[in-house]
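One structure below.
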Amino acid sequence: MEEYTNQDALVLFSGGQDSTTCLYWAKHHFKHTYALCFTYGQRHSQEVENARRIAGMAETPFRVLDASIISHLAPNSLTDLTMRMDQEKPADSYPNTFVPGRNLLFLTFAATLAYAEGIRHLVTGVSEADYSGYPDCRDTFIRSANTTLNLAMDKQFVIHTPLMWRNKKQVWQLADELGVFEIVKNETLTCYNGILAEGCGHCPACLLRNKGLEEYMAERER
Ligand code: ZN
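Numbering (our numbering) for the sequence shown: -5 to 216.
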């Protein structure tokens, strides 16, 4: 891709595998990188503290924004402990881990902050490959949101999605190429049950992460 070594980027950052890979990707491509983390009543508050810790390791300024209004509006199993989390995508709808409007809200907040700080580039770890098919992780949505934010704020933001066409195996590969494979493997928190690194091993996030890791390791050791 084009290098932006004289420009700044704001990364939507949760401290999970994907956004941590994106954080280091941004550090590689931009002059200064900033991390923005959202709280929205996730089951595990240590997610934010872990994100703060990783940003510290990456020497990246870290900011937390409260977006918990989204959970009041949209019941979902990430924030509502009384809901049983769907293990798979139901045939005719999205799993209850889907939080309607979340990524649109997060991108709007991120762009608003970027506007105030004079930052043009936004980076998010959404992906179309290998996921539950959330509509706000698709490329079409990101392009549309980018256009809308530019029109809304009369700016030329660029939303970067380095993981858009990568499956989990390829996300591990990218971390390795960036020289942060061990950091992503050992320090990130992806598990829906709040367990660091390889996680609980049985929630949907762990199954996806660990399957990708196994596939990548098989390839790497060849
Ligand atoms: Zn898990």
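Idealized CB from N, CA, C, for every residue including glycine.
These numbers come from a predicted model, not from an experiment.
Under 8 Å between C-beta atoms of residue i and residue j
i           : j           : result
residue 175 : residue 114 : no
residue 166 : residue 206 : yes
residue 3   : residue 117 : yes
residue 184 : residue 199 : yes
residue 190 : residue 139 : no
residue 20  : residue 42  : no
residue 15  : residue 157 : yes
residue 45  : residue 9   : yes
residue 29  : residue 49  : yes
residue -2  : residue 22  : no
residue 111 : residue 163 : no
residue 155 : residue 136 : yes
residue 103 : residue 143 : no
residue 186 : residue 79  : yes
residue 11  : residue 188 : no
Residue i versus the options, residue with shortest Cα-Cα distance
i           : options           : result
residue 47  : 30, 66, 181, 215  : 181
residue 7   : 127, 77, 52       : 52
residue 204 : 147, 193, 187     : 193
residue 93  : 66, 173, 197, 112 : 66
residue 172 : -2, 9, 12, 18     : 18
residue 146 : 162, 109, 158     : 109
residue 91  : 162, 208, 34, 23  : 34
residue 88  : 127, 134, 95      : 127
Residue environment, residue i, which counts as buried when at least 16 other CB atoms sit within 10 Å
i           : result
residue 97  : buried
residue 122 : buried
residue 86  : exposed
residue 63  : exposed
residue 129 : exposed
residue 25  : exposed
residue 0   : exposed
residue 196 : exposed
residue 160 : buried
residue 13  : buried
residue 217 : Any answer about residue 217 is impossible in this case: the structure gives the chain only from -5 up to 216.
Those residues which DSSP pairs with residue i across a bridge
i          : result
residue 4  : 28, 116
residue 33 : 60
residue -2 : 24
Query - 4 or more residues per run - each alpha helix (DSSP H) lying fully within the stretch 51 to 115 - result: Segments of the alpha helix (DSSP H) lying fully in the stretch 51 to 115: 63 to 67, 96 to 111.
Query raised in the report: In chain order, which alpha helix (DSSP H) runs of at least 4 residues are fully inside the stretch 111 to 185?
Result: As far as the stretch 111 to 185 is concerned, its whole alpha helix (DSSP H) runs of at least 4 residues are 133 to 147, 162 to 171, 175 to 181.
Query raised in the report: Going along the chain, which unbroken runs of the alpha helix (DSSP H) with 4 or more residues stay wholly within the stretch 189 to 216?
Result: List check, alpha helix (DSSP H) in window: 198 to 214.
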